[in-house]
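Structure record follows, encoded as structure tokens.
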Amino acid sequence: MSIFSNIKETLDKQLPFVTYRKPNCSTIKGWFQQNNNLITSKDYSESGFIFAPFDNKEDAILIPKNQSTYIEEGTTINGFLTSNTNHNPDTTSEENHIQLVEKGIAAIKNQKFKKVVLSRKEKVELSDFNLIETFQKLLNSYPTAFVYVWYHPKVGMWLGATPETLVSVQNKNFTTMALAGTQVYNDTINVTWQPKELEEQQFVTDYIIDRLSDISSEITASGIETIKAGKLLHLRTILNGKLKTNTASLIKSLHPTPAVCGLPLETSKQFILDNESYHRSFYTGFLGELNINDKESNLFVNLRCMEVSNKTVNIYVGGGITRDSNPVKEWQETVAKTTTMKKVL
């Protein structure tokens with residue numbers, strides 16, 4: 001039975017599952033839970049596939065290795081990316097997001113924090129939703145992203161294609177990344193970045209190095225590079241190090257990152273919780289393989305994602321705000337991000 005047939009059968013039985021493909025990889029993997037128990041991770045010491053929310057005070061959900069069937073298969077996805085969704089964000093969404101960004105900039109100028117990541121949720125109503133086809137389109141459209149579909153009957157269904165690694169751990173060696181800045185891809189990655197975007201990238205890099213200094217050694221940082229994610233470009237710095245403690249301490253040090261929250265962490269996070277007009281849930285949380293083969297974890301930040309309920313899809317998008325941000329441009333950046341996701345619907 002193919003992995004896509006397993007998805008259909010498991011969904012028909014209303015059992016939890018996740019299927020995914022790692023960046024630059026042709027293998028699709030799947031964990032199919034054998035019961036419908038809602039299992040949470042207590043301290044990131046368990047083994048399985050973890051799905052964690054933005055707010056680390058909320059429960060992270062685990063599809064446990066010892067209660068699941070694991071399947072993987074190589075696949076070739078045929079290119080058929082078309083868009084049959086013509087949905088324009090309403091003016092209320094635009095006004096609200098611009099006002100939110102203006103409020104964030106004012107707080108930065110009042111020295112409440114240096115950076116804050118502000119987001120919004122956009123609802124799209126569909127006449128029909130085909131999970132397998134949408135997942136295949138995501139796989140085809142985002143070869144360099146972590147692409148997934150996750151489902152639990154007691155929680156819901158999420159799909160995404162995220163360009164950002166939270167952390168990969170192999171024994172005591174780990175890799176993470178600082179990711180910031182966005183612009184639309186126009187047939188080249190040789191682009192000019194504005195000082196605001198380069199400053200934001202440096203904020204994120206410096207913060208991560210500082211957070212990791214107590215629990216790791218031998219931290220090295222690559223140069224800043226431009227990477228492509230779908231129809232967008234981002235700035236990225238790769239960080240490598242050796243862990244002095246365990247994977248759980250690494251996760252707790254890194255999540256949430258400044259790339260999804262802000263700097264300083266607690267004040268920017270509180271601003272988000274107080275001022276964003278919706279609950280982020282699993283958007284800007286993290287997901288992935290946790291303690292597989294005891295020594296290996298591969299976790300990704302849940303960006304470029306959507307939540308599906310019947311024929312309603314909620315698309316989640318945001319962007320980093322600094323004192324030099326332009327509220328209208330920040331709105332346009334979120335529109336560019338929703339457009340890339342709508343093309344698979």
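The sequence shown begins at 1 in full-length UniProt numbering and counts up one residue at a time. Note that beta-carbon positions come from the ideal geometry of N, C-alpha and C, so glycine has one too. In this text the structure is predicted, and so the values were computed from the model without any measurement.
Distance between Glu-94 and Ile-209 (C-alpha atoms, nearest Å): Sequence index remark: in the sequence shown, residue 209 carries index 209 (1-based). Sequence index remark: in the sequence shown, residue 94 carries index 94 (1-based). Rounded to whole angstroms, Ile-209 to Glu-94 spans 35 Å at the Cα level.
Look up Gln-183 in the DSSP assignment and say whether it is helix, strand or coil. Here the question's residue 183 lines up with position 183 in the sequence shown. Gln-183: strand per DSSP, three-state reduction.
Alpha helix (DSSP H) segment containing Ser-253, residue limits: Position 253 of the sequence shown, counted from the start, is the residue given in the question as residue 253. Here the alpha helix (DSSP H) through Ser-253 covers 247-254.
At which residues does the beta strand (DSSP E) containing Lys-29 begin and terminate? On the sequence shown, residue 29 is found 29 positions in, with the first residue counted as 1. Residues 27-33.
Roughly how many angstroms separate the alpha carbons of Lys-343 and Val-116, rounded to a whole number? Counting from one through the sequence shown, the residue named residue 343 turns up at place 343. Counting from one through the sequence shown, the residue named residue 116 turns up at place 116. Distance between the alpha carbons of Lys-343 and Val-116: 28 Å.
Where does the unbroken beta strand (DSSP E) through Leu-345 begin, and where does it stop? Here residue 345 refers to the residue found at position 345 of the sequence shown. First-last for Leu-345: undefined, no H or E at that position.
Buried or exposed: which applies to Tyr-20, given that a residue is buried once 16 or more other Cβ atoms fall within 10 Å of its Cβ? On the sequence shown, position 20 is the one that residue 20 refers to. Under this definition Tyr-20 is a buried residue.
Do Leu-235 and Val-167 have their beta-carbon atoms positioned less than 9 Å apart in this structure? Taking the first residue of the sequence shown as position 1, residue 167 is located at position 167. Taking the first residue of the sequence shown as position 1, residue 235 is located at position 235. Result no, Cβ atoms of Val-167 and Leu-235 do not sit closer than 9 Å.
Output yes or no for whether 9 Å exceeds the beta carbon distance between Ala-253 and Cys-261. Position 253 of the sequence shown holds residue 253. Position 261 of the sequence shown holds residue 261. The amino acid occupying residue 253 in the given sequence is Ser; Ala does not appear at that position. The answer is no: Cβ separation not under 9 Å.
How is Gly-230 classed by DSSP in three states: helix, strand or coil? The count along the sequence shown starts at 1 and reaches residue 230 at position 230. In the structure shown, Gly-230 sits in coil (DSSP, three-state: anything other than H, G, I, E or B).
Excluding sequence positions up to five away, which residues of its chain have a Cβ less than 8 Å from the Cβ of Glu-276? One-based indexing of the sequence shown puts residue 276 at position 276. For Glu-276, where only same-chain residues beyond five positions count, the Cβ hits under 8 Å are Leu-100, Leu-118, Ser-119 and Arg-120.
Would you call the CB atoms of Gln-41 and Ile-71 closer than 9 Å? By one-based count along the sequence shown, residue 41 stands at place 41. By one-based count along the sequence shown, residue 71 stands at place 71. According to the sequence displayed, residue 41 carries Ser and not Gln. Cβ distance not < 9 Å, so Ser-41 and Ile-71 don't count as in contact.
So, is Arg-280 buried or exposed, given that buried needs 16 or more other C-beta atoms within 10 angstroms? Numbered from its first residue, the sequence shown carries residue 280 at position 280. By the 10 Å Cβ count, Arg-280 comes out buried.
Helix, strand or coil for Phe-146 per DSSP? Position 146 of the sequence shown holds residue 146. Strand, per DSSP.
What separation, rounded to the nearest whole angstrom, lies between the Cα atoms of Ser-222 and Ile-132? Here residue 222 refers to the residue found at position 222 of the sequence shown. Here residue 132 refers to the residue found at position 132 of the sequence shown. When rounded, the distance between both Cα atoms is 37 Å.
CB contact below 9 Å: Glu-122 versus chain B: Absent from the structure is chain B; it holds one protein chain and no more.
Quick check: Thr-144 and Asn-24, are their CB atoms within less than 9 Å of each other? If you number the sequence shown from 1, residue 144 lands on position 144. If you number the sequence shown from 1, residue 24 lands on position 24. Contact: yes.
Can you find the residues in the same chain that come closer than 8 Å, C-beta to C-beta, to Ala-259, ignoring five residues on each side of it along the sequence? Within the sequence shown, residue 259 is the residue found at index 259, counting from 1. Excluding positions up to five away in sequence, the list reads Val-117, Glu-164, Ala-178, Leu-179, Ala-180, Val-204, Val-301 and Gly-320.
I need the DSSP call for Gly-104, collapsed to helix, strand or coil. As a working mapping, residue 104 is identified with position 104 in the sequence shown. Helix, per DSSP.
Name the one or two DSSP bridge partners that His-279 has. For the purposes of this step, residue 279 is identified with residue 279 of the sequence shown, where counting begins at 1. Its beta-bridge partners do not exist; DSSP assigns none.
Let me make sure I understand the geometry here. Which of Ser-213, Asn-35, Leu-126 and Leu-299 has the alpha-carbon closest to that of Asn-310? As a first step, residue 310 is located in the sequence shown; it is residue number 310 there, counting from the start. The option with the nearest alpha carbon to Asn-310 is Leu-126.
DSSP on Val-308, reduced to helix/strand/coil? As a first step, residue 308 is located in the sequence shown; it is residue number 308 there, counting from the start. Residue state, collapsed to three classes: strand.
Per DSSP, what are the beta-bridge partners of Pro-327 in this structure? As a working mapping, residue 327 is identified with position 327 in the sequence shown. In DSSP, Pro-327 forms no bridge with anything.
Would you decide whether Lys-337 is buried or exposed? Buried here means 16 or more other CB atoms lie within 10 Å of its CB. In the sequence shown, the residue the question calls residue 337 occupies position 337. The residue is buried, with at least 16 neighbouring Cβ atoms inside 10 Å.
Can you list, in chain order, the residues of its chain whose CB lies under 6 Å from that of Lys-8, leaving out five sequence neighbours each side? Translated into positions along the sequence shown, residue 8 becomes position 8. Here the set comprises nothing.
Spatial neighbours of Asn-314 within its chain, please: CB distance less than 6 Å, with the 5 preceding and 5 following residues excluded, ordered by chain position. As a working mapping, residue 314 is identified with position 314 in the sequence shown. Only Lys-121, Lys-123 and Glu-307 meet the Cβ criterion.
With distance defined between alpha-carbon atoms, name the residue in Val-317, Phe-17 and Thr-322 nearest to Glu-199. Position 199 of the sequence shown, counting from 1, holds the residue named residue 199. Checked all of Val-317, Phe-17 and Thr-322; the closest Cα to Glu-199 is Thr-322.
So what's Ser-141 in DSSP terms, helix, strand or just coil? Locating residue 141 in the sequence shown gives position 141, counting from the first residue. The answer is helix: DSSP assigns Ser-141 an H, G or I state.
Given a threshold of 16 other Cβ atoms within 10 Å of its Cβ, counted over all protein chains shown, does Glu-330 qualify as buried or as exposed? Taking the first residue of the sequence shown as 1, we reach residue 330 at position 330. Glu-330 should be labelled buried.
Need the endpoints of the beta strand (DSSP E) that Gln-170 sits in, please. Mapped onto the sequence shown, residue 170 falls at position 170. Per DSSP, Gln-170 belongs to the beta strand (DSSP E) from 165-170.
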